[in-house]
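Chain order of the listed sequences is A and B. The first sequence begins at 1 in the UniProt record's numbering and counts up one residue at a time. The second sequence begins at 1 in the UniProt record's numbering and counts up one residue at a time.
Protein chains: 2
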Amino acid sequence: MPPAEKPNAASRGRPTLARIAQLAGVSVPTVSKVVNGRADVGPETREHVERILREHGYRPLRKLGAPGAHVELVFHALEGVYDTEVINGVESVASEHGLALVVSQLGHQFTPDALWMERVLSRRPAGVISAFSGLDREQRMQLRDRGIAYVVVDPTEDPGPEFPTVAAHNWMGGLAAARHLLELGHRRVAAVTGPMWALPARARFDGYCAALERAGVPFDARLVGEDDFLPRGGLAQARRLLRLPDPPTAFVAGNDGQALGVCQAVHEAGLRVPQDVSVVGFDDLALAESHVPPLTTVHQPVRQMAATAAGIAVRLAAGKPVERMRVELPVRLVERASAAPPPSS
Amino acid sequence: MPPAEKPNAASRGRPTLARIAQLAGVSVPTVSKVVNGRADVGPETREHVERILREHGYRPLRKLGAPGAHVELVFHALEGVYDTEVINGVESVASEHGLALVVSQLGHQFTPDALWMERVLSRRPAGVISAFSGLDREQRMQLRDRGIAYVVVDPTEDPGPEFPTVAAHNWMGGLAAARHLLELGHRRVAAVTGPMWALPARARFDGYCAALERAGVPFDARLVGEDDFLPRGGLAQARRLLRLPDPPTAFVAGNDGQALGVCQAVHEAGLRVPQDVSVVGFDDLALAESHVPPLTTVHQPVRQMAATAAGIAVRLAAGKPVERMRVELPVRLVERASAAPPPSS
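Put into structure tokens, the structure is as follows:
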């Protein structure tokens, strides 16, 4: 029962803890411990009580703005401007609603561990927002069973129809980036992608492929390099691709971080951006504009995506309906100075 | 009475709320409201109760690791890698102690407003850590009176001897940056500084001046530009300085962000880094290494500074003594490729 379809579950026909305890054949304190995520309940009892909670649509009452009311924001890692943009977006909405923002990161894991989950449940947040990371199915159910909203920003995979997600038009962005280079006259356009298991990386890459096909340029798998969404990922892949017998004259990077690494590899090879090699990024974070040369890139509204996700979490926590469970915000190509026509050699 | 001198205040001779109420001539709920930062107490009553709390060394008991225990981390703004490094550092220590981390930002103000303060007090944190921002005197006293630890990372000004601070050796860093350029043979070395009212900016600038003096190079006020700690600040000042009749051959920037802006201005002027103009930054954040050319800069251990501050806050919150109220962590010059001898024109 997705929260979006049960707007009044918070206040209507809500079973009491005593009723749940009776149905489960356990004490009220035991039900309370399960609801609050305490560790001192055996796994079998926990699962049993969770099933009863789920079956009876239990949803703890929670006053927004009350002391202790907060949202949790979790990152797989905190590494840069993308992350501060997400925090800014969530914080602005949380603050507007008097909610504290608790930030945590998973030490480069994409799924939280049991300790993280236990702590989050014990803190009883109004909602949990994950950014470029995600809870596994069981963890999502644990939140749902406790009436804790769960929203994903920039999802790496689909969390299932009952959990809202907010993303950018990644496929359109990949298309726009590649098309820009093709329209400038490039024919050997390389793609440095993020990790392909993550939806945003895959969608951008598919957009790139679509642009090639529409321009009648054959796809060449040798011009693709997959790596981390970091400068070192772009550097490693571009170094390799620039050593090909017939190297690319242009690169579509998976994000701005990778684009910086690509520019570095171009420079190392004694070539210039954009005179010899063109580079288009993705993100348009602060560093894109102050780069030398200023980066042509696809702008995605990270802060707005995060604020939208926070707004959805707040609505769900207040028991209000959510109109759209899948939000994709538009991107746009920002032309600066890292892309130019290919050298006329 | 600084917490560092009252290690056992949390458990020994601690006056009860009832005793405070009796001494203040108010009800226990009123004292409780003041302690919890609730808004529904008149300002005179509040001040009166706060004075009694202060005089009697009231310190609320708080179990670390209990549900709701957390530290607050506040920024004047969340803008980039510096901020994520601070969050990483605080989060690692907070998480180790089972404390949640609540993050907020002040919308580019350097001192929190009354609403922020009210919310933080109502949440009853174990400690508050401010990064490149600070509470005013009254706000610091409000925390102290409630037994909430307050620690400043990268202080913009001195919060007074009873509040711990953790900074970098900013003066030594400014000295090292300028000395490196002077040793390369530069004689016209410009300084683009951060806002001089902020201690780190001023200390780095003073280090620059000391390096000039020790090298026997006269200080020239026309070679100094003060601006925001952002790329646009470095860009604006370097544009201006490069138009001087006798322009500088090298720049010491206040931080890496400004250094990026300086590089952009050099590029705009049709000059190259480092062949024509050398640039040294300060921070050594992730972007320094992936810049083209890789940035020579002064490394400051931002994550370690933040972790140290969090460790101090946790000790204070647990009623343990703090050995050093002023911590300055060492910096080091990292030579990459943005500084070279001056052109031999």
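All C-beta atoms in this analysis are idealised placements derived from N, C-alpha and C, irrespective of residue type, glycine included.
Interface criterion not met: the Cβ of B/Gly-225 is under 8 Å from no Cβ in chain A. When DSSP assignments are scanned along the region 134-174 of chain A, the uninterrupted stretches of alpha helix (DSSP H) that are 4 or more residues long and fall wholly within it turn out to be 137-145. The C-beta of B/Ile-87 comes closer than 8 Å to at least one C-beta of chain A.
Taking CB atoms only, A/Ser-95 has a neighbour in chain B less than 8 Å away. Under the Cβ criterion of 8 Å, A/Thr-30 is not counted among the residues facing chain B. Counted as a single uninterrupted DSSP element, the beta strand (DSSP E) harbouring B/Arg-332 occupies residues 332-334. Minimum Cα-Cα distance from B/Glu-162 among the listed residues B/Leu-175, B/His-70, B/Ala-168 and B/Asp-145 corresponds to B/Asp-145. In the three-state reduction of the DSSP assignment, A/Asp-284 falls in the coil class, being assigned neither a helical nor a strand state.
Along the region 268-290 of chain B, the positions whose C-beta sits under 7 Å from a C-beta of chain A are Ala-286, Leu-287 and Ser-290, read in chain order.
Across the region 98-109 of chain A, CB contacts with chain B closer than 8 Å involve Gly-98, Ala-100, Leu-101, Val-102, Val-103, Ser-104 and Gln-105, in sequence order along the chain. If you ignore the 5 residues before and after A/Asn-88, its C-beta comes within less than 6 Å of the C-beta of Arg-303, all in its own chain and listed in chain order. Counting along the chain, A/Val-74 sits inside the beta strand (DSSP E) bounded by residues 70-75.
Considering only beta carbons, no part of the region 201-214 of chain B lies closer than 9 Å to chain A. Annotation for B/Arg-123: the continuous alpha helix (DSSP H) segment containing it runs 114-123.
Just so you know, the alpha carbons of B/Leu-143 and A/Leu-135 end up roughly 36 Å apart. Annotation for A/Val-217: Leu-182 and Arg-187 place their beta carbon closer than 7 Å to its own, counting only its chain and skipping 5 residues before and after. Taking a Cβ-Cβ cut-off of 9 Å, the neighbours of B/His-70 in chain A comprise His-70, Ala-100, Val-102 and Arg-123, given in sequence order. Secondary structure of A/Thr-45 (DSSP, three-state): helix. Beta-bridge annotation (DSSP): B/Val-192 is paired with B/Gly-225 and B/Ala-253. Counting only residues of its own chain and dropping the five nearest sequence neighbours on each side, A/Glu-157 has a CB closer than 7 Å to the CB of Gly-134 and Leu-199.
Shown here, A/Gln-22 sits in a helix according to DSSP, grouped into three states. Sequence-distant Cβ neighbours of B/Ala-215 in its own chain, meaning closer than 6 Å and more than five residues away, are Leu-182. The continuous alpha helix (DSSP H) containing A/Gln-304 extends over residues 302-317. Residues of chain B with a Cβ closer than 7 Å to the Cβ of A/Leu-78 are, in chain order, Thr-84, Ile-87 and Asn-88. By the neighbour-count criterion, in which a residue is buried when 16 or more other Cβ atoms sit within 10 angstroms of its Cβ, A/Phe-219 is exposed. The continuous beta strand (DSSP E) containing B/Glu-328 extends over residues 326-329. Excluding its 5 nearest sequence neighbours in each direction, B/Leu-175 has C-beta neighbours in its own chain below 8 Å: Gly-207, Tyr-208, Ala-210 and Ala-211, listed in chain order. Collapsing the DSSP output to three states places B/Val-298 in a strand. Taking C-alpha positions only, B/Gly-234 is separated from B/Ala-77 by approximately 19 Å. Shown here, B/Ala-100 sits in a strand according to DSSP, grouped into three states. DSSP, reduced to helix, strand and coil, places A/Gly-127 within a strand of the structure shown. Contact annotation: B/Gly-261 and B/Ala-286 have beta-carbon atoms that are not nearer than 8 Å. Residues of chain B with a Cβ closer than 9 Å to the Cβ of A/Gly-261 are, in chain order, Ser-290. CA-CA distance, B/Pro-301 to B/Glu-91, rounds to 15 Å.
For B/Glu-328, no chain A residue has a Cβ inside 9 Å of its Cβ, as the nearest lies near 25 Å away.
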